[in-house]
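Residue numbers (the working numbering): 988 to 1276.
Each residue gets a CB set at the ideal place from its N, CA and C atoms; glycine is no exception.
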């Protein structure tokens, strides 16, 4: 009974194994990006970036159908263009960068839906918005694996200045280092991970597996590396449980995975060792010295 429930689906079905491997890769790369999105207070900007992929992916769909290379390339170009445009608007006007990203979010979502509607059906639109992780093929696995590898190598290369720029950007400025350069490199890695996640979880769910475990990890760890070390296994466990629940209950896998990650977040909010409800109740603020 235990074998049939926990191991059988992955041992007996190739599509479940591919989904599990894709989830592992997405968890490792996405959790690392998610931690920095939280530290840089860019969670809402990350949401806007994930939706900025939609017009590019929709154009790729319009030109090449449900082609992974076409949709991924279109999504990446659209995401990078949105990030650069929002940064330029914030730099040359008085509009804050988060406000320009918010405007891009609404525009991109409406434009992408309209583009898909020109040629596709409601089923095509649902696949783009919500993803089909159980339909991940070998090509998608190669994309996700390459994205995770590039993410880890890229973050290792810019780790120190990126951490300094998160907490005290004035230090980099005093050293004559351009923090904007590392900021844009990080945005490029974030867009790349969202492109990979969008194939599996869809545009609307791509950020869920990236952010929710990272937020949950902030209740258990304080350092950047330890937050990532907690967030990545939590993301993979969320994906594994979500896949099993969706398989046995006949539910859509993407939303179930994100809902399981939400359960981990709520549990961490209640029971975590740092800044959680339990920690605040056991150590009231007026008793801290």
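Is the Cβ-Cβ distance between residue 1247 and residue 1225 less than 9 Å?
Contact annotation: residue 1247 and residue 1225 have beta-carbon atoms nearer than 9 Å.
Let me confirm a value: residue 1238 is counted as buried when at least 16 other C-beta atoms fall within 10 Å, else exposed. Which label applies?
Around the beta-carbon of residue 1238, fewer than 16 other beta-carbon atoms lie within 10 Å, marking it exposed.
Between which residues of its own chain and residue 1145 is the CB-CB distance below 8 Å, once the five residues before and five after are set aside?
Hits under 8 Å: 1169, 1172 and 1173.
Measure how close the beta-carbons of residue 1010 and residue 1230 come, nearest whole angstrom, since I'm counting them as under 8 Å.
So it is a contact: roughly 7 Å between Cβ atoms.
How many whole angstroms separate the CB atoms of residue 1120 and residue 1241, which I take to be in contact at a CB cut-off of 8 Å?
The pair is a contact, with the Cβ atoms about 6 Å apart (cut-off 8 Å).
Give me the Cβ distance between residue 1194 and residue 1037, rounded to the nearest whole Å; I'm assuming they're in contact under 8 Å.
Right, their Cβ atoms sit about 5 Å apart.
Residue 1208: first and last residue of the uninterrupted alpha helix (DSSP H) it sits in:
DSSP places residue 1208 outside any alpha helix (DSSP H), giving it a letter other than H or E.
Whether residue 1218 touches residue 1203 by CB criterion (9 Å)
Contact: yes.
Could you check the C-alpha separation between residue 993 and residue 1228 for me, to the nearest Å?
Answer to the nearest angstrom: the Cα atoms are 9 Å apart.
Report yes if the C-beta distance between residue 1040 and residue 1087 is below 9 Å; otherwise report no.
Judged by their CB atoms, residue 1040 and residue 1087 are not nearer to each other than the 9 Å cut-off.
Nearest-angstrom Cα separation, counted from residue 1022 out to residue 1031:
Rounded to the nearest angstrom, the two C-alpha atoms are 14 Å apart.
So, helix, strand or coil for residue 1261, using DSSP?
Here residue 1261 carries a coil assignment [DSSP, helix/strand/coil].
Cα-Cα separation between residue 1059 and residue 1268, rounded to whole angstroms
Spanning the two alpha carbons is a distance of roughly 47 Å.
Rounded to the nearest angstrom, how far is the Cβ of residue 1196 from that of residue 1019, given a contact under 8 Å?
The Cβ separation is near 12 Å, so there is no contact.
Find the nearest neighbour of residue 1093 within the set 1052, 1050, 1034 and 1057, judged by alpha-carbon distance.
Proximity to residue 1093 across 1052, 1050, 1034 and 1057 peaks at 1034, based on C-alpha coordinates.
Tell me which residue opens and which closes the alpha helix (DSSP H) that residue 1128 is part of.
That run of the alpha helix (DSSP H) goes 1125-1154.
Cβ atoms of residue 1216 and residue 1222: under 9 Å apart, would you say?
No.
Once DSSP output is grouped into helix, strand and coil, what is the label at residue 1094?
Helix at residue 1094.
With distances taken between CB atoms, is the gap from residue 1065 to residue 1046 smaller than 9 Å?
Contact: yes.
In or out: residue 1180 buried (at least 16 other Cβ within 10 Å) or exposed?
By the neighbour-count rule (16 or more Cβ atoms within 10 Å), residue 1180 is buried.
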